[in-house]
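Asker: Structure incoming, see below.
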Amino acid sequence: MANHQKDFLFVLIKSLSKSEKRQFKIFASRLETSSNTKFIELFNILDKSENYDEKLILKSGIIKKVQLSNLKSYLYKQILVSIRLNIPSQNIRYQLREQIDFAVILYNKGLYKQSLKILDKTKIVALENDEKYMAYEIVEFEKLIESQYITRSIQGRADELVIQAKELNYRNTISSKLSNLSLQLYGIMLKTGYVKSDEEYKYIDDYFNKHIAKLDESKFGFREKYWFYNANLWRSFLVQDFLASYKYAYKWVTLFYDNPNMIIQNPVFFLKGNHYFLESLYMLKYKSNFKKYLTLLEETIEDPKFPVNDNIASLSFLYVYNNKLNLHILEGTFAESEYLIPEILEKIKIHSEHLDEHHEMLFYYKIASIYFGNEKYNECIYYLDKIINNKNLSMREDLMCFARLLSLITHYELGKDYY
366 MANHQKDFLF VLIKSLSKSE KRQFKIFASR LETSSNTKFI ELFNILDKSE
416 NYDEKLILKS GIIKKVQLSN LKSYLYKQIL VSIRLNIPSQ NIRYQLREQI
466 DFAVILYNKG LYKQSLKILD KTKIVALEND EKYMAYEIVE FEKLIESQYI
516 TRSIQGRADE LVIQAKELNY RNTISSKLSN LSLQLYGIML KTGYVKSDEE
566 YKYIDDYFNK HIAKLDESKF GFREKYWFYN ANLWRSFLVQ DFLASYKYAY
616 KWVTLFYDNP NMIIQNPVFF LKGNHYFLES LYMLKYKSNF KKYLTLLEET
666 IEDPKFPVND NIASLSFLYV YNNKLNLHIL EGTFAESEYL IPEILEKIKI
716 HSEHLDEHHE MLFYYKIASI YFGNEKYNEC IYYLDKIINN KNLSMREDLM
766 CFARLLSLIT HYELGKDYY
């Protein structure tokens, strides 16, 4: 299991790529302050260390213990500033945030017309990319400026802004309610897994219907549709209605493939939708479609236009390799799948800081299933024990039960009836 470091600064430094480290050192060299040498020296010490060791830092003599906390905070902030300055230009949210910041600067200088001009252009881009929360923030800022500086350039400007604010607030409220519902259902799934009785089924169904009452899907924009499909998917998974999960996962994935610019702007949502869609196909044993969409997912990830960062790389690994294992389990090609196991174990180490315990345990369960299918029972037990011996009480209950059940069967196959 991944040994997650607790010191945030150390973890941040270890997450930096070679180019990010190089960019930081160039950035830091421009800061001609008395503390410049100290924070760069601290960076170099932590960069070269395998583990966070405060004694080693103090032994270096660069700083006294009472000053270490402040120096670490300063270094942490400067690393983030350096990364912020080098964010890829295609990230629309950073572009929008930058333009809003520019508008604030102009407003504070009393240049109201220039500020409003930037805000108007930025609002158009925000709406084109379905960034309604930022669009609402922009409208509220426009209202603030208009209340202090009446431009009279557009008749009915006040009414126009009020209408925009009401519409955006309404849509953002729907998105927020649906995202809350989705998160709550996801939390139930992680804690208890699928429903196990008629009472649990009724509770989930009533809870879900209560929260989506009076919503009209036909009036939804991209983001509202996304959260609506997301919430429906978790409800379907919980009650084991796999046809419904297939339906809403397909709608989720199709929503992105029909809006390719949204794949670039929301790669995490795109990846998650594909994973759940493939999981639904797996549950329904649709092998041909499973292969088709897994291949399409891999091709999309490998497209040069697809965004790349640590988080996306970890999620891509998680979803692609999970489903590669699922495909072999679905086809019963256990022997042919063993080549994936060392690759997966190596990638678990690489992505340890971004991979949560739950998904790590899922990998171990599927690896155990592969070994069971190959009648390699000792190897199967080894990975099942990683799950069974996990003392984390937040572990999904059904995963623990399945692991114990498969372990029992495996011991029986080995002739260990006393287990």
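Be aware that the sequence shown starts at 366, since it is given in our numbering, and climbs by one per residue.
C-beta atoms are modelled at their ideal positions from N, C-alpha and C, and glycine is treated no differently.
Excluding the 5 residues flanking Val316 on each side, which residues of the same chain have their C-beta closer than 8 Å to its C-beta?
Answerer: The first residue shown for the chain is 366 and the last is 784, placing residue 316 beyond what the model contains.
Asker: Just how far apart, CA to CA, sit Glu511 and Ala523?
Answerer: So the two alpha carbons sit approximately 8 Å from each other.
Asker: Can you tell which of Trp617, Glu564, Leu683, Leu598 has its C-alpha closest to the C-alpha of Gly586?
Answerer: Checking every option, the nearest Cα to that of Gly586 belongs to Trp617.
Asker: Using only the alpha-carbon positions, how far apart do Glu804 and Leu620 sit?
Answerer: Since the displayed the chain opens at 366 and closes at 784, residue 804 lies outside it and no answer follows.
Asker: With H, G and I counted as helix, E and B as strand and the rest as coil, what does DSSP make of His776?
Answerer: Note: His776 maps to helix in three-state DSSP.
Asker: Taking the alpha-carbon of Ala609 as reference, which of Tyr641, Tyr730, Ser540 has the nearest alpha-carbon?
Answerer: Out of Tyr641, Tyr730, Ser540, Tyr641 has the C-alpha closest to the C-alpha of Ala609.
Asker: Buried or exposed: where does Pro632 fall if 16 or more other Cβ atoms within 10 Å of its Cβ makes it buried?
Answerer: Its Cβ being crowded by 16 or more others within 10 Å, Pro632 is buried.
Asker: Going along the chain, which residues of its own chain have a beta-carbon closer than 7 Å to the beta-carbon of Phe408, five neighbours each way excluded?
Answerer: So the list reads Ile378, Leu440, once near-sequence residues are dropped.
Asker: Among Met765, Glu663, Ser447, which has the Cα closest to the Cα of Thr557?
Answerer: Per the Cα distances, Met765.
Asker: Using three-state DSSP, classify Gly638 as helix, strand or coil.
Answerer: Of the three classes helix, strand and coil, the one that applies to Gly638 here is helix, per DSSP.
Asker: Would you check if the segment 733-749 and the segment 709-718 touch, i.e. whether three or more CB-CB distances between them fall below 8 Å?
Answerer: With a cut-off of 8 Å, the segment 733-749 and the segment 709-718 do not count as touching, because too few Cβ pairs lie within range.
Asker: Which of the three DSSP states is assigned to Ile427 in this structure?
Answerer: Ile427: coil per DSSP, three-state reduction.
Asker: To the nearest angstrom, how far is the alpha carbon of Glu406 from that of Asp418?
Answerer: Whole-angstrom Cα-Cα distance: 14 Å.
Asker: To which residues of the same chain is Leu529 closer than 6 Å at the C-beta, ignoring the five residues directly before and after it?
Answerer: The amino acid at residue 529 is misidentified as Leu; the sequence shows Gln. If we look at Gln529 and ignore the five residues flanking it on each side, its Cβ neighbours are Val504.
Asker: Does DSSP put Leu396 in a helix, a strand or coil?
Answerer: Reduced to three states, the DSSP call for Leu396 is coil.
Asker: Considering Cα atoms alone, identify which of Thr487, Met499, Glu493, Leu481 is closest to Gln513.
Answerer: Among Thr487, Met499, Glu493, Leu481, the Cα nearest to that of Gln513 is on Leu481.
Asker: Which runs of the alpha helix (DSSP H) spanning at least 4 residues fall entirely within the segment 438-521, listed in chain order?
Answerer: Qualifying alpha helix (DSSP H) stretches, in chain order: 457-473, 477-493, 497-513.
Asker: Only counting the same chain, and skipping five residues up and downstream in sequence, which positions put a Cβ closer than 8 Å to that of Leu649?
Answerer: Closer than 8 Å at Cβ, skipping near neighbours: Phe607, Leu608, Tyr611.
Asker: When DSSP labels each residue in this structure, what does Tyr417 get in the three-state scheme?
Answerer: Of the three classes helix, strand and coil, the one that applies to Tyr417 here is coil, per DSSP.
Asker: Relative to the C-alpha of Asn688, which residue among Leu374, Ser544, Leu484, Glu663 is closest?
Answerer: Of the listed residues, the one whose Cα sits closest to Asn688 is Glu663.
Asker: Check each candidate in Asn416, Lys652, Ile448, Arg458 and name the one with the smallest Cα separation from Gln388.
Answerer: Checked all of Asn416, Lys652, Ile448, Arg458; the closest Cα to Gln388 is Ile448.
Asker: Quick one: is the Cβ of Lys575 within less than 6 Å of any heavy atom of the ligand NAD?
Answerer: The model depicted lacks the ligand NAD and carries no ligand whatsoever.
Asker: Rounding to the nearest angstrom, what Cα-Cα distance links Ile735 and Glu744 in this structure?
Answerer: Between Ile735 and Glu744, the C-alpha separation is close to 10 Å.
Asker: Just tell me which of Phe392, Tyr477, Tyr651 has its CA closest to the CA of Asn691.
Answerer: The option with the nearest alpha carbon to Asn691 is Tyr651.
Asker: Kindly give me the distance between the Cβ atoms of Lys497 and Asn537, rounded to whole angstroms, as I take these residues to be in contact under 8 Å.
Answerer: That belief holds up - the Cβ atoms of Lys497 and Asn537 are roughly 5 Å apart, short of 8 Å.
Asker: Are Lys430 and Leu421 touching if we call contact CB-CB under 7 Å?
Answerer: Cβ atoms of Lys430 and Leu421: not closer than 7 Å.
Asker: Does the Cβ of Gly475 have 16 or more other Cβ atoms within 10 Å, making it buried, or fewer, making it exposed?
Answerer: Gly475 comes out exposed.
Asker: Does the Cβ of Leu771 have 16 or more other Cβ atoms within 10 Å, making it buried, or fewer, making it exposed?
Answerer: Buried.
Asker: Taking one C-beta from the segment 665-673 and one from the segment 696-713 each time, how about it: are there three or more such pairs within less than 8 Å?
Answerer: They do not touch, by the three-pair rule.
Asker: Note down the Cα distance separating Tyr622 from Gln432, rounded to an integer number of angstroms.
Answerer: Answer to the nearest angstrom: the Cα atoms are 52 Å apart.
Asker: Of all Cβ atoms in chain D, is any one closer than 7 Å to the Cβ of Lys756?
Answerer: Protein chain content of the structure displayed is limited to a single chain, and chain D is not contained in it.
Asker: Using a Cβ-Cβ cutoff of less than 8 Å, which residues in the same chain neighbour Phe392 once the five nearest sequence positions on both sides are dropped?
Answerer: The answer, listed in chain order, is Gln443, Val446, Ser447, Leu450.
Asker: Return the Cβ separation of Phe728 and Ile713 in integer angstroms, given the expectation that the two are a contact with Cβ distance under 8 Å.
Answerer: So it is a contact: roughly 7 Å between Cβ atoms.
Asker: Are the beta-carbon atoms of Leu533 and Tyr572 separated by less than 7 Å?
Answerer: In this structure, Tyr572 does not lie closer than 7 Å to Leu533 by Cβ.
Asker: Using 7 Å as the threshold, is the C-beta distance between Arg600 and Leu550 below it?
Answerer: Yes. Within cutoff.
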